[in-house]
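Peer 1: Have a look at this one before I ask anything.
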Amino acid sequence: MGQIKVVPRLKPLPYSSQDLQLELRKPILNKQVVFGDIEFYSNDDNPNNKRAFKYKPCRPNPAFTSMMYSTTDFPPFYCRLSYFDKSPGILVDENLTTATALQGWRSARANAVIREGTWYIEYRLIKSNDGESHVRFGVARREASLEAPVGFDGYGYGFRDKYGQTVHLSKQGSFLQNDQFQTGDVVGLLIKLPDIKTQRRLASQQIHQQTVGQPDLEVSVNEPAEIDIVRDQIPIKYKNQLYFEQYDYTVSKEMEHLLNPVTVFGEKAVRDTVKFEPCKLPNSSITVYKNGEFCGVAFKGLNAFLPPSSEQKHGKEVKGRISETKDDGSLGYYPMISCYNRGVIQLNTTPDILVPVDLQDAISRGEVRIYNDRYEERILEEYVYDLVDEVTNEYLDEIERMSAPQT
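Counting with this note's numbering, you get residues 18 to 424 for the letters of the sequence shown.
This is the structure in structure tokens:
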């Protein structure tokens, strides 16, 4: 009989009886400033996503004999701005839907990712483009900088209020002709992404051709197997609250060179001679509606996000010339807002959505979905991932017991 391979993995420390009795409480919000009738707060009572790690709340789960913990969430329980995925310079209202920043550009992402399908996201500009305050809005991946406005790098697609321009890789493009976004505007973004099966087929071509860029689509590959969601996460305690700590996705060298195409050798900077072309998602786009009126398609061919188009600094294996990074289910595009000098913007996740007339039939048929509906779906995904992790680790525990030396 061959030797059974034991898979090395992180194992959680057992929880205590006190942990079972811990009350799940949302982070404390500290009042900072009031604009009009909106009170804005900072939140320093939870760990922030940084240094290539990310966090989410967890709880002891006596039904799980191997993992021992499962994912949970803080109130309010709907699509909103994240407690964890925001710049410390961003202030939020009590509902975590409206944000501002007191000085330079700061950003925050929402709490539910979009990975496939067509979704409608609404932003309301509350104080914007008034001569001193500005906002930007759009969608961005996990790797996009939160200390810069959306569209600063290759990981996000944004819109400027001033001049109504598009922004990607810090390049401003003409979009609203002789018009702008300003205080009082309601802006809807329709983001369209291909199904995950199509995206995995594209990722398989990249891996087969050993590239993190655009593969040759004429080269055929075998139909990719279903890719498991793999989450390397471990429970930690921070300020007497339990969290899962996970590896986060980090900026790649290739994407950095899109923004700054030079290579530094000692004290000398040499300009790149070959331009990197990121892998593009087929039939992907962002369409804009302003105050219910169609404005046009702003972006086509959004950058792919499944590995190898995304990478982690930690926990990666190298196969061939590209590193094998795991898909933990959080990759995709998130609604993202940016504020400057007391600009105020809302990610509207209330039932009061200004749905454009030409989208109403598609929404009623389920072809287009409102972003607000993504929350319950995302919670269900986390629940399923937890169950899969528990079954997988129970199996690995059994293998370890079988392979242990007999006494």
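C-beta: ideal position from N, C-alpha, C; glycine also. In this text, all values refer to a predicted model and were calculated from it rather than measured experimentally.
(1) So, under 8 Å CB-CB, residue 253 and residue 402 are touching, yes? Tell me the CB distance rounded to an integer number of Å.
(2) Report, in whole angstroms, the separation of the C-beta atoms of residue 72 and residue 260, which I expect to be a contact under 8 Å.
(3) Using C-beta distances below 7 Å, list every residue in its chain close to residue 65, excluding the 5 sequence neighbours before and after it, in chain order.
(4) Roughly how many angstroms lie between the CA atoms of residue 273 and residue 171, to the nearest whole one?
(5) Rounding to the nearest angstrom, what Cα-Cα distance links residue 292 and residue 238 in this structure?
(6) Within 10 Å of its beta-carbon, does residue 288 have 16 or more other beta-carbons around it, so buried, or fewer, so exposed?
(7) Check each candidate in 251, 233 and 263 and name the one with the smallest Cα separation from residue 295.
(8) What's the gap between the Cα of residue 209 and the Cα of residue 158?
(9) Helix, strand or coil for residue 266? Go by DSSP, reduced to three states.
(10) Any idea if residue 31 is buried or exposed, counting beta-carbon neighbours within 10 angstroms, 16 or more meaning buried?
(11) What are the boundary residues of the beta strand (DSSP E) that includes residue 116?
(12) Sort out for me which residues DSSP pairs residue 137 with in a bridge.
(13) The beta strand (DSSP E) spanning residue 59 covers which residue range?
(14) Name the one or two DSSP bridge partners that residue 377 has.
(15) With a threshold of 16 other CB atoms inside 10 Å of the CB of residue 256, please say whether the residue is buried or exposed.
(16) Examine the Cβ distances between the region 212-226 and the region 311-326 and report whether three or more of them are shorter than 8 Å.
(17) Tell me whether the region 197-212 and the region 297-310 touch, counting them as touching only if at least three CB pairs, one residue from each stretch, are closer than 8 Å.
(18) Are the C-beta of residue 215 and some C-beta of chain C separated by less than 9 Å?
(19) Which one or two residues does DSSP pair with residue 304 in a beta bridge?
(20) Return the first residue and the last residue of the alpha helix (DSSP H) that residue 218 is part of.
(21) Starting from the C-beta of residue 310, find all residues in its chain whose C-beta is less than 8 Å away, skip the five residues before and the five after it, and write them out in chain order.
(22) Given that a residue counts as buried once 16 or more other Cβ atoms are within 10 Å of its Cβ, and exposed if not, what is residue 92?
(23) So what's residue 172 in DSSP terms, helix, strand or just coil?
(24) Taking 9 Å as the cut-off, decide whether the C-beta atoms of residue 99 and residue 164 are in contact.
(25) In terms of residue numbering, what span does the beta strand (DSSP E) encompassing residue 102 cover?
(26) Closer than 8 Å is the cut-off here; do at least three beta carbon pairs connect the region 51-71 with the region 373-383?
Peer 2: Reading off the structure:
(1) About 19 Å; that fails the 8 Å criterion.
(2) 5 Å
(3) 101 and 105
(4) 8 Å
(5) 26 Å
(6) exposed
(7) 233
(8) 15 Å
(9) strand
(10) exposed
(11) 115-118
(12) 207 and 387
(13) 55-60
(14) According to DSSP, which records beta bridges pairwise, residue 377 is partnered with nothing at all.
(15) exposed
(16) yes
(17) yes
(18) Absent from the structure: chain C. Only one protein chain is present.
(19) 207 and 314
(20) 213-225
(21) 373
(22) exposed
(23) coil
(24) no
(25) 98-103
(26) no
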